[in-house]
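Line order of the protein sequences matches chains X and V.
Residues 1 to 231 in my numbering are what the first sequence lists, from first letter to last.
Residues 1001 to 1110 in my numbering are what the second sequence lists, from first letter to last.
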Amino acid sequence: MSADTRIVKQAFLRTIPVMMGYLVLGIAFGLLLQKAGYHWVWALGISLFVFAGSMQFVLVGLLSQNASLTTVAVTTLLVNSRHLFYGLSFIERFKAMGKRGLYMVFSLTDETYALLCAVGDVGTVEDRDRLSWWMALLDQSYWVTGSVVGAVLGSHITLDITGIDFAMTALFTVIFVEQWIAAKTRLQAIIGMACAIVSLVLLGSDRFLLPALVATVAMLLAARNLVEVRR
Amino acid sequence: MNIVSSLLVVAVTALCTLATRATPFILFGNKRRKVPAAILFLGEVLPPAVMAALVVYSLKHISFEAPGLWVNEIIGVAATALIHIWRRNTLLSIGIGTVVYMVLVQGAFL
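Structure, rendered in structure tokens:
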């Protein structure tokens, strides 16, 4: 098997959980958009150029309400604000990837971020970067496929796959466990979990994540000596 | 539906989404300057913290008002985590965890 085939196969295996989640959620999105009166070409275009899971569901609402562009901009920035923190871990890596790095920035969803955090040791730096690129590309292809299938088939889909999108929760759980086992200090995982739970209880499910991440960053910076010394 | 205004809404969504993802690179990705030490530190220690937050985020809709609103999710997450601690095989843990959750939800035992 050539080196390229091996990397694509690796990328496919690693993205299977995302495939299950993205196909199902993509179909749900396409279905919703079709019900709002949009041709499947819109589902294709939106999933190609926006590529943001939860935001695309919000977008269907914004389209049907004739929301003002200011509302659209503010809503998008708020819903996607968590992405502000993802790039911080990949500044050098994506910069070194040249043109492919630009696509990596564009396509940095929650799930691709999680896979990239778990990429670990895969031979050379070039191998790791090519694997990362293929995973990002495959993830978007699942999402685009799901969206178009949902918009074309509409409500003809009858297979009961309720709950299959739990694969995403399971993916985050597995990577969390993996990092918990591998970490030299668990302080950052504990801080992240505590901030998220406290924020969820205090602020409710619609707007807890950004405050939780801001608090996490502040506490990590304050505890910098502890985390670094124990590393 | 008005095609032009719909296109504008989609374009603004796409640009704002890209803006949130590109901000760290625009702020700290300058080729001539080194990335500040505090940012490198955050980049290194954030992933486990963010992953914890994402687990909570993907479970944000659970509620403790009735068992049917939280037990399935907790069993699904516990099964995934335990199988992963046991076998350390990502696909196996996610596969079994998801099937367990689907059986619980579709069976509507609670």
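Each residue gets a CB set at the ideal place from its N, CA and C atoms; glycine is no exception.
- Message: Below 8 Å on the Cβ atoms is my contact criterion, and I expect Gly154 (chain X) with Leu25 (chain X) to pass it. Report the Cβ-Cβ distance as a whole number of Å.
- Response: Residue 154 (chain X) sits at position 154 when you count from the first residue of the first sequence. Residue 25 (chain X) sits at position 25 when you count from the first residue of the first sequence. Rounded to the nearest angstrom, the Cβ distance from Gly154 (chain X) to Leu25 (chain X) is 16 Å, too far for a contact under 8 Å.
- Task: Mind listing the chain V neighbours of Arg100 (chain X)? Cutoff is C-beta to C-beta under 7 Å, in chain order.
- Result: Sequence index remark: in the first sequence, residue 100 (chain X) carries index 100 (1-based). Near Arg100 (chain X) there are no residues of chain V at all, since even the closest Cβ is about 14 Å away, more than 7 Å.
- Query: From Thr76 (chain X) to Leu13 (chain X), what distance separates their C-alpha atoms?
  - Reply: The residue given as residue 76 (chain X) occupies position 76 in the first sequence. The residue given as residue 13 (chain X) occupies position 13 in the first sequence. If you take the alpha carbons of Thr76 (chain X) and Leu13 (chain X), they lie about 32 Å apart.
- Query: Name the chain X residues whose beta carbon is nearer than 8 Å to that of Ile1039 (chain V)?
  - Reply: Your numbering for residue 1039 (chain V) matches position 39 in the second sequence. Per Cβ cutoff of 8 Å: Leu88 and Ile91.
- Query: Going by Cα to Cα distance, which pick from X:Phe94, X:Val122 and X:Tyr22 is closest to Arg6 (chain X)?
  - Reply: Reading the first sequence from its first residue, position 6 is the one you call residue 6 (chain X). If we check each option's Cα against that of Arg6 (chain X), X:Val122 comes out closest.
- Message: Helix, strand or coil, according to DSSP, for Pro1036 (chain V) in the structure here?
- Response: Start at 1 with the first residue of the second sequence, and residue 1036 (chain V) comes out as number 36. In the three-state reduction of the DSSP assignment, Pro1036 (chain V) falls in the coil class.
- Nearest chain V C-beta to Gln140 (chain X) closer than 7 Å, yes or no? Within the first sequence, the letter at position 140 stands for residue 140 (chain X). Gln140 (chain X) does not count as touching chain V.
- Item | 7 Å Cβ cutoff, Gly1107 (chain V) in contact with chain X | Within the second sequence, residue 1107 (chain V) is the residue found at index 107, counting from 1. It does not; no Cβ of chain X falls within 7 Å.
- Task: Identify every run of the alpha helix (DSSP H) within the stretch 24 to 80 of chain X, keeping only runs that are complete inside it and at least 4 residues long; order them along the chain.
- Result: Annotation: the stretch 24 to 80 of chain X contains the following complete segments of the alpha helix (DSSP H) (minimum length 4 residues), in chain order: 40 to 49, 53 to 64 and 69 to 79.
- Show which residues of chain V have a CB atom less than 9 Å away from the CB atom of Pro250 (chain X). Nothing can be reported for residue 250 (chain X): it is not among the residues displayed for chain X, which extend from 1 to 231.
- Message: Can you find the residues in the same chain that come closer than 8 Å, C-beta to C-beta, to Ile1096 (chain V), ignoring five residues on each side of it along the sequence?
- Response: Position 96 of the second sequence, counted from the start, is the residue given in the question as residue 1096 (chain V). Result list for Ile1096 (chain V): Ala1079, Thr1080 and Ile1083, in chain order.
- Backbone CA spacing between Leu1069 (chain V) and His1061 (chain V) [nearest angstrom]: Taking the first residue of the second sequence as position 1, residue 1069 (chain V) is located at position 69. Taking the first residue of the second sequence as position 1, residue 1061 (chain V) is located at position 61. Roughly 8 Å between the two C-alpha positions.
- What do you get for Asp160 (chain X), buried or exposed, if any count of 16 or more other CB atoms within 10 angstroms of its CB means buried? Reading the first sequence from its first residue, position 160 is the one you call residue 160 (chain X). Classified as exposed, Asp160 (chain X) has fewer than 16 neighbouring CB atoms from the shown chains inside 10 Å of its CB.
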